[in-house]
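*Asks:* Right, I'll just put the structure down here and ask away after.
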Amino acid sequence: MQTARANARLALQLAIADLQKYAGPDQRITATAETILPSPVPPAIQTSGQPMLTGVWKSRKLDPNDPDTEADQTKTGRSLHFSKWLTSCGSPTSTEAQDFASGGVPPAKAEILVSEKVVGTDLTAIKVSAERVNVMDAKVPTLVRGTYAYAVLDEGVKASINVGTNAVGTGLAGQAAALGGGQQPGIDRLKLPAGAGDFTLASVNLDRSTTDGKSLVNKLISRGNGELGLKLDLPTANSPGALGKNFHDLTPYSLGLLTNVADGGFKRDLNLLAELPTLPAEYAGKKIYKTSFKDAPGPGWNELASDPKWDRAFSYLNLFKAKTYKNEPVLFDSPDGPVMRATAPRDWKGGKFVKQNNATITNLNPTGPDYDTPSGPVLLPAIAKVQVVFSLCVRDMAKLEVPGQPPLTNGPENFIRSLWETGLKGTGWNYLLTLNYAPIITLHNPYNVPIEFSGADDSYLQIDLVNVPFAMQVERNGEPQMKDFATLGSMKQGLNKNLNNWSIPYVEKPVSPTKRFGMRIANGVNAAGQALTTPIRMLPGEVRVFSVWMPPTRTWGQEQLEAKYFDDWASTQLGFDPAVSDGDDNTFWTKTDTSKTVAVPGWTGVGSGFSTHNLASGPEYNLKDDELPDNPKGYRGNTIPLKVDDKIRVKFAPIAYKKAPQPYRFSVEMTLRGANADKTARTSVLEFNIGAVDGLQKQLLGNNGFLSYPPEGEDPRTRSELYNNYQTDVQNLTKARPFALFSAYAGTTQGGVEVTDGGVPSYDNGRYPAKPWLFGNHAGLVSTKNVENNNESSMRSHEMNFTYLPGNTLNAVRAGDRGTFVTGHTALDGRPFGTLFDVPLGPVQSLCALNGAGLATSIYQPCFVQPVGNSYAHPLLDTSSIREGDLADHSYLLNSIFYDGYYCSGIQTRSSTIGDGKTAAALAGTFFNGASELSDPRLTPYFADGGTPTAAVASVLSGEGFKKVAALQLVKGSFNVNSTSEEAWKAMLSAMTGKGARILEVPTAQPPAVPPIQTVVAKDLTETPADFMGARFSRFRVPNSQPITSTGSEDDNKASYWQGGRDLTEAELTTLAKEIVTQVKQRGPFLSMSEFVNRELGAAGDLTLAGALQTAIDKSGINSGAATYGGGYEITSTQTDPLELETKEALQGSSAAGAPGYLMQGDVLNVLGNSATVRSDTFVIRTYGDARDSSGKVTARAWCEAVVQRVPEYVDQADTADTAPGVLTSQANKDYGRRFTIQSFRYLQPDEV
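Here the sequence shown is numbered in this note's numbering, starting from 6 and rising by one per residue.
Okay, here's the thing in structure tokens:
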């Protein structure tokens, strides 16, 4: 027996030597042979494959200048990185070939190390064998004195039974942490037998914040103790026991290091990096890609204009402790929960006001200051849509004896203006055709907390619409009344520069070529018509409508006597330009100024807007008197007078004003007043380059295309159908007939779906098919697009549209304060709420939290709304590329940087208003002293190089702490995503219950027009029932709705789809786990976390359109409810074929992809969190040894088992654990990496093998 045991120990030493040599360095990955074997593997003793062998590969780091080829990503390509199978073999070099595992162990030499006594006899049970190797007699080299065998079993590919859970924190931020990541894996999803029934986690206390819970977790240190502690079925002569049956699925041992497998060394910590008062020099002002990847000959990363800066990322991560430009907290607590103040850094300038022109977008030079990387957070509501409703109205030119009745031809005529009386009295032309135009703004709060912006005079939100492309041609009784389509910018009347000094010759004032609608967003107006200064608060995900306010009792007749509010007959004169000082005061003539108005909540109606009767101004539009039929007195001016029986038809089209500055543009400019001392600074600019005067017309309506009101085939409108008496106030203009709607709006899930209203085809929800929650971030700060380019238009966040309006007004422009967006722009198709981004209320727990920072949204294409953690290919890029000139796959690049190089330690000072206010020092102190208060229970302290708790605290709180802390933390329950165990994946996917979390639910009723508004309602997140065997996911740590459930009503699930989380049923969980394993086997082993998270590169197909997790999700069918709940539809080749896209397949599929209820791989990675890795650090080694006599007969047998753990220290203590690979001094450390230590050792009885 002594010799047999000695040989078993020899085998153990050899196995550990293999581990140290091949798996000791950081830049290694491990996986079982099942990742490279054909599937399925026969469930018997393997003679043609060894699926449970542990293999080691060298890692592969992304080089974006020389990315992997399709050949590199095949099994053969991965074999070039293969190092060793960790098993005994008489020919050791043969185990250095990847295809070794495809063969079986020679039956005559096979030694079973994991038999049916351990794993059972089910068809799915996989036994493990190894080849016996002879031990020769020291004196007689030809005499076999015994044999040995060993196999190294990878514990990291299994789900842990002893992670435990944390108690929910205090304050909303603490409660939110319950949805920030996984805790105890859902091992009860494996149907573990426990007496008369199956085990449930609800039946035991694994809460590590309690004495009993901590005690139980600490006892679960072996399989035997696990079965006893969890009261599972124990092994018997006829049964392997609950944990034996799941020997390859569950483990009590897995403990992982937070190492960077791509570069070597430890990962860096986002939390402690964000804790620093300022970013270190290697980050501050630096670009993310340029500092992460080395340049190569050719286009370098220095030239990539869309390369985001580190500052932008970390300013968002610090949002919960950030200050506004007024030095107020960005996030403040209110009786109804946290509220976020709109803000922008004082040095931020997204655009610059230009006199008599559209704003310019600043700093487009990629080698200059990066316009799209502000020094702090820019937090504003997003533009969901801007619209201008155009309507026709006929008004009197004479004061009437009987208000509301038309003047009699034989009655007294007292014309409102003497000029009209002189020119028209007695002609019967007593009416005037006017054009009304009402700007409407629809804002969206994309965040999961309320956003509030000031109404104060020094800090209000202003939105300008500049150079709206609109033109029309009026026909009266079938005869054109202007030479051509008259544009909106031309509809004005000149002013005498010499005011009323008629002794001086008339000199017309210069006219601005730019038409600007400027609106101050306010909660309402006071009795004097001045904007209220109370703040405006938008609920989470809310869509709100604001429109121009006009005194509701103001009449057109009053405006003719004193143009003060809406009679827009001269507001393009230069004196109104707030940035121009021409020495003139136009208020002598008119006080109406379209650039200085107040927009109030709700749509104030078609009558509440501006009005002009100068429809044919200037020689290019105005017909000469002798060209007008039926004009006996030869008076016309710039107007279109009407007689009592006249009939009107209007042709209209989106045409730019030819005198406007070129290039012709329409822009939406948003300014947070006071944020920047430069009054010309614009906080956000949305720009549309129209190109030619008729560029938009050609794009939307075809060459010389136009729309008609009434539509062709219908009779013209009579004067009486459009008539409103001059004393009718604006709130009662019942006969103002809307006929046209100009819109610039963000993409919706119904984009590209043609609708018909009144017999006229329209694209009210968007002209182009889109996946707006994936590829169109409408919350971006700066955007420009060329409308003549279909390819670009389909991929930009916003597009323009021009539609016929009658009969569609209330549907297209929703009445009430709350608008519609997300799933459509109309009241029938859109939704009033939809949440896009999670606001960090405390230290982030997941790398996906970076998605709120907008790192992949800029003026440059392509745009990724949620790039970090997700992997969908972009339609504008070939799937074989990650960069084509200035186009870059930001998702691929950001994943490559963050998932291999960073993690979240949880050590960061928390908010004192929304959280418990605990400092980084306090959290580090309790963590390293064994009483962790961190949100992730998987993190456990480790004192490398003989350190102490005091020394560890000092190290992590130093300026270099973000580089050092990973050496002092291990991950309990670390999970190797190369796992091919469906059962392990089921447990890991269900590791987050959200117990103790809260939601901020939004009310569905319309908000009142004035404060106080309806506020969010804080509620407990619905807990999963004790018998819940599915999985819970949430993109938000504080959702705005309960999760989608299989038992929820359709209405509830529709709301949840856009604001809540996602609960999977047991069947859905099982299917998803199965599909994930299929992808792991097809693509694995993954040679870095980047490879696991990202898609492959190559011709378009399943492997290249999305990463492994996303493809598994898509193939599982669990998102099939997108059309029902998400308001989307399936985009097919029919919609994408007309578009000039590199990868049309990337735009196909559900248009609702990316919605909160549409499960994404980032949601899964949120649950996996810090536990996800592509290498294991814990292994169980099983060995065999025997002794033989001189005849070769076995005289004794021995088996042993050891748990072996890689630790942070290097094999040679000449280098400390946190020493980076590039500066190691010891050659041994360079060659063998970090030390393996034996955690436990025991001899096995035959019935334990």
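Idealized CB from N, CA, C, for every residue including glycine.
Could you give the C-beta distance for Met477 and Phe657, rounded to a whole number, given that I count them as a contact under 8 angstroms?
*Replies:* The C-beta distance from Met477 to Phe657 rounds to 4 angstroms, short enough to fall under 8 angstroms.
*Asks:* Exposed or buried, Arg33, counting other C-beta atoms within 10 Å across all chains shown (16 or more means buried)?
*Replies:* buried
*Asks:* Given a cut-off of 8 angstroms on the beta-carbon distance, is the pair Arg1187 and Arg1211 in contact?
*Replies:* no
*Asks:* By Cβ distance, which residues of its chain are closer than 6 angstroms to Lys1079, with the 5 residues on each side in sequence left out?
*Replies:* Glu987
*Asks:* Considering Ser552, what are the terminal residues of the beta strand (DSSP E) in which it resides?
*Replies:* Val548 to Val553
*Asks:* With respect to the beta strand (DSSP E) encompassing Tyr768, which residues constitute its N-terminal and C-terminal limits?
*Replies:* Premise fails: Tyr768 is in no beta strand (DSSP E) and is neither H nor E.
*Asks:* So the candidates are Ser576, Gly610, Thr609 and Ser613; which of them puts its Cα closest to the Cα of Thr595?
*Replies:* Checking every option, the nearest Cα to that of Thr595 belongs to Ser576.
*Asks:* Between the C-alpha atoms of Glu1006 and Asn453, what's the straight-line distance to the nearest angstrom?
*Replies:* 10 angstroms
*Asks:* Take Thr685 and list the residues in its own chain whose beta-carbon comes closer than 6 angstroms to its own, dropping the five residues that flank it on each side.
*Replies:* Lys357 and Phe358
*Asks:* If you count every other CB in all the chains shown that lies within 10 Å of the CB of Pro374, and 16 or more means buried, which is it?
*Replies:* Confidence at Pro374 is low in this model, with a pLDDT of 42, below 50, so the placement of that residue should be treated as unreliable; the coordinate-derived value is given next. Result: exposed.
*Asks:* On the three-pair Cβ rule with 8 angstroms, is the segment 218 to 235 touching the segment 1131 to 1143?
*Replies:* no
*Asks:* According to the Cβ coordinates, are Glu1071 and Gly1035 closer than 8 angstroms?
*Replies:* yes
*Asks:* What's the call for Val1199, buried or exposed, on a 16-neighbour Cβ count within 10 Å?
*Replies:* exposed
*Asks:* Does the beta-carbon distance from Thr840 to Gln1064 come in below 8 angstroms?
*Replies:* yes
*Asks:* Given that a residue counts as buried once 16 or more other Cβ atoms are within 10 Å of its Cβ, and exposed if not, what is Gln1250?
*Replies:* exposed
*Asks:* Per DSSP, Ser134 forms a beta bridge with which residues?
*Replies:* Answer by DSSP bridge pairing, in chain order: Ile117.
*Asks:* Could you pull out every residue in the same chain whose Cβ sits closer than 7 angstroms to the Cβ of Arg521, ignoring the five residues on either side in sequence?
*Replies:* Asp469, Val471, Thr599 and Ser600
*Asks:* Would you say Ser788 reaches chain D, if we count a Cβ-Cβ gap shorter than 8 angstroms as a contact?
*Replies:* Among the chains in the structure shown there is no chain D, since it carries only a single protein chain.
*Asks:* Just to confirm the assignment, what range does the alpha helix (DSSP H) spanning Tyr153 have?
*Replies:* From DSSP, Tyr153 is part of no alpha helix (DSSP H) but of the beta strand (DSSP E) over Val149 to Asp159.
*Asks:* Just reading off the alpha helix (DSSP H) that Met805 is part of, what are its end residues?
*Replies:* Where Met805 is concerned, there is no enclosing alpha helix (DSSP H), although the beta strand (DSSP E) it sits in stretches over His803 to Tyr809.
*Asks:* For Pro954, does the three-state DSSP call read helix, strand or coil?
*Replies:* helix
*Asks:* Using CA coordinates, which residue listed in Asn806, Glu692, Phe551 and Thr98 is at the minimum distance from Ile864?
*Replies:* Glu692
*Asks:* Just how far apart, CA to CA, sit Arg801 and Trp778?
*Replies:* Those two C-alpha atoms are separated by around 12 angstroms.
*Asks:* Around the Cβ of Val145, are there at least 16 other Cβ atoms within 10 angstroms (buried) or fewer (exposed)?
*Replies:* Exposed, because fewer than 16 other Cβ atoms sit within 10 Å of the Cβ of Val145.
*Asks:* Between Thr100 and Lys89, is the Cβ-Cβ spacing less than 8 angstroms?
*Replies:* yes
*Asks:* What is the rounded straight-line gap between the Cα of Ser208 and the Cα of Leu197?
*Replies:* 13 angstroms
*Asks:* By alpha-carbon positions, which one of Met1094, Thr998, Gly785 and Lys776 ends up nearest to Ala1127?
*Replies:* Lys776
*Asks:* In angstroms with no decimal places, state the Cα-to-Cα distance between Trp62 and Val157.
*Replies:* Roughly 15 angstroms between the two C-alpha positions.
*Asks:* Can you give me the Cβ contacts of Gln25 inside the same chain, cut-off strictly under 6 angstroms, excluding the 5 residues immediately before and after it?
*Replies:* Tyr1237 and Phe1241
*Asks:* Comparing C-alpha positions only, which one of Gly920, Ser917 and Leu962 sits nearest to Ser910?
*Replies:* Ranking the options by Cα distance to Ser910, first place goes to Leu962.
*Asks:* Return helix, strand or coil for Val1082, following the three-state DSSP convention.
*Replies:* helix
*Asks:* Sorted by chain position, which residues of the same chain lie with C-beta nearer than 6 angstroms to Ala1158's C-beta, five sequence neighbours on each side aside?
*Replies:* Lys776 and Leu779
*Asks:* Between Gly890 and Asn900, what straight-line distance do the alpha-carbon atoms span, to the nearest angstrom?
*Replies:* If you draw a straight line from the Cα of Gly890 to the Cα of Asn900, it is about 20 angstroms long.
*Asks:* Quick check on Ile1123: does DSSP put it in helix, strand or coil?
*Replies:* coil
*Asks:* Would Val735 and Pro557 be called neighbours here (beta carbons separated by less than 8 angstroms)?
*Replies:* The answer is yes: Cβ separation under 8 angstroms.
*Asks:* Going along the chain, which residues of its own chain have a beta-carbon closer than 6 angstroms to the beta-carbon of Glu674, five neighbours each way excluded?
*Replies:* Ala364, Asp469, Arg687 and Val690
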